[in-house]
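Residue 33 is where the sequence shown starts when you use the working numbering, and the numbers rise one by one after that.
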Amino acid sequence: MTQDDFLEPLPERRSLGISWIGVFLGLALGLGLGIAYTQLIDPLVITNADPADLRPEDEQMYVVAAVQEYAASQDLERLVFRLLAVDPDKDPFQVAADTACALIRSGEVDSLTDFEVIRNLRAIYEPQGVVASCDVTFSNTAVPITIVAPTPSVTPPPTITPVATKTPTPDIAPLPINTPLPTMTPVERENSSFREAYVEQFCDPVLSGVIEVYVRDTNGLGIPGTPIQVMWDNAQKSQIFYTGLKPERGDDYADFEMEEGQVYTVGVLNEGGASRRLEAASCDGAGTIISYRVVIQRAFNP
Numbered sequence: 033m034t035q036d037d038f039l040e041p042l043p044e045r046r047s048l049g050i051s052w053i054g055v056f057l058g059l060a061l062g063l064g065l066g067i068a069y070t071q072l073i074d075p076l077v078i079t080n081a082d083p084a085d086l087r088p089e090d091e092q093m094y095v096v097a098a099v100q101e102y103a104a105s106q107d108l109e110r111l112v113f114r115l116l117a118v119d120p121d122k123d124p125f126q127v128a129a130d131t132a133c134a135l136i137r138s139g140e141v142d143s144l145t146d147f148e149v150i151r152n153l154r155a156i157y158e159p160q161g162v163v164a165s166c167d168v169t170f171s172n173t174a175v176p177i178t179i180v181a182p183t184p185s186v187t188p189p190p191t192i193t194p195v196a197t198k199t200p201t202p203d204i205a206p207l208p209i210n211t212p213l214p215t216m217t218p219v220e221r222e223n224s225s226f227r228e229a230y231v232e233q234f235c236d237p238v239l240s241g242v243i244e245v246y247v248r249d250t251n252g253l254g255i256p257g258t259p260i261q262v263m264w265d266n267a268q269k270s271q272i273f274y275t276g277l278k279p280e281r282g283d284d285y286a287d288f289e290m291e292e293g294q295v296y297t298v299g300v301l302n303e304g305g306a307s308r309r310l311e312a313a314s315c316d317g318a319g320t321i322i323s324y325r326v327v328i329q330r331a332f333n334p
């Protein structure tokens, strides 16, 4: 017998192959579990973040909070410091103007609190000469319009026609160039909390294609914060804006810029009583679009 008869042959070693599919599946599973844990189970809470690093919606809330705090404290230096923290390279008052426009364009200004926020923002940037991109060009002189609440009609007693006198008829002064075009007769509408009390069309190159809206109570006083809905394109398009956002024109004032060739109606949101058709047509040879002045009044309750 030889030595080889006493030695058992060693088993052959098998090569250990690596399953790359298993590796990738394991990595994907681990990554998914890690994301789920950090986002849902134990998310990272960031505190004392720099305002410049906030998301746009959080930055907007930061500016609103700073403005509301200023409205209470009137500490302008602190307000400027906080607005500069949002964007050190930007005019802090322009930050306030941009925030006001962002709120208005979002369509979420639907409460008196939101209305006050817009007014507080405007009170900050307007005295500094900053003009917001969403502001419509307007005259600094408010247009006085007096609306008298209707009263029950009483038939007057017969009167004697006065005898003609020799008093000369006073001369009528010539009309200025920018005299409003003839006033349209207001139309009464039923089943509406508000009614169109007055409509005037005028042609002014400075106020081209603007619908000026005034909302009054039954006693003729303005109603701030009233949502106005304007519709055009056969009521397929609409926009909501609010009275009182331009206090220099009055608490009851709001305006909307028209597009030439469109036909619009305006009225108080969800109250019915929309105005007649307001057509944005050219009114002179210089490309000026006709403008309208509309007074909406709460319906008289006898």
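Every residue gets a Cβ at the ideal spot worked out from N, C-alpha and C, and that includes glycine.
Going by the DSSP bridge assignment, what does residue i pair with across the sheet?
i: Gln92; result: Answer by DSSP bridge pairing: none, since Gln92 is not bridged.
i: Lys122; result: Answer is none; Lys122 lacks a bridge partner.
i: Gln233; result: Tyr324
i: Gly299; result: Gln261
i: Ser51; result: For Ser51, which the question treats as bridged, DSSP gives no partner whatsoever.
i: Glu244; result: Asp287 and Arg325
i: Phe226; result: Arg330
i: Gly254; result: Arg248
i: Glu311; result: Val295
With C-beta atoms as the reference, is residue i less than 7 Å away from residue j?
i: Leu153; j: Ala132; result: yes
i: Thr297; j: Ala306; result: yes
i: Leu310; j: Gln261; result: no
i: Ala68; j: Ser225; result: no
i: Gly254; j: Tyr274; result: no
i: Thr320; j: Ser270; result: no
i: Cys235; j: Asp316; result: yes
i: Trp264; j: Gln233; result: no
i: Arg325; j: Glu244; result: yes
i: Val162; j: Tyr230; result: no
For residue i and residue j, what's the separation of their Cα atoms in angstroms?
i: Val127; j: Glu291; result: 28 Å
i: Asp130; j: Ala164; result: 6 Å
i: Leu59; j: Ala97; result: 44 Å
i: Glu222; j: Gly252; result: No answer about Glu222 holds up, because its pLDDT of 48 lies below 50 and its placement is not dependable.
i: Ile150; j: Leu277; result: 7 Å
i: Ala117; j: Ala84; result: 6 Å
i: Trp52; j: Arg137; result: 53 Å
i: Gly282; j: Tyr246; result: 9 Å
i: Leu61; j: Ser105; result: 54 Å
i: Ile135; j: Phe56; result: The question names Ile, but residue 135 in the sequence shown is Leu. Cα to Cα, Leu135 sits roughly 47 Å from Phe56.
i: Ala155; j: Gly66; result: 48 Å
i: Glu158; j: Glu228; result: 31 Å
i: Ile272; j: Phe147; result: 13 Å
i: Lys122; j: Gln268; result: 38 Å
i: Thr250; j: Thr70; result: 59 Å
i: Ile209; j: Leu108; result: Since pLDDT at Ile209 reaches only 37, below the 50 mark, its modelled position is unreliable, and no value is offered.
i: Glu280; j: Asp90; result: 30 Å
i: Val95; j: Pro259; result: 24 Å
i: Arg87; j: Val112; result: 20 Å
i: Thr145; j: Gln100; result: 10 Å
i: Asn266; j: Ile73; result: 51 Å
i: Ile322; j: Arg110; result: 45 Å
i: Pro218; j: Gly299; result: Because the pLDDT of Pro218 is 39, which lies under 50, any placement of that residue in the model is unreliable, and the number read from its coordinates should be weighed accordingly. Roughly 14 Å separates the two Cα atoms.
i: Ala103; j: Gly64; result: 47 Å
i: Met93; j: Gly54; result: 47 Å
i: Pro124; j: Cys166; result: 17 Å
Check for me: the beta strand (DSSP E) holding residue i runs from which residue to which?
i: Gln271; result: Lys269 to Tyr274
Write down the C-beta distance between residue i and residue j rounded to the nearest angstrom, noting that I regard them as a contact closer than 8 Å.
i: Gln329; j: Arg248; result: 5 Å
i: Glu289; j: Val242; result: 6 Å
i: Pro237; j: Ala318; result: 7 Å
When you compare the CB of residue i with every CB in chain D, is at least one pair closer than 7 Å?
i: Leu277; result: Absent here is chain D; the protein component of the structure consists of one chain.
Check whether the Cβ of residue i sits closer than 6 Å to any heavy atom of the ligand GDP, and report yes or no.
i: Tyr102; result: Summarising the ligand content, the structure contains no ligands, and the ligand GDP is consequently not present.
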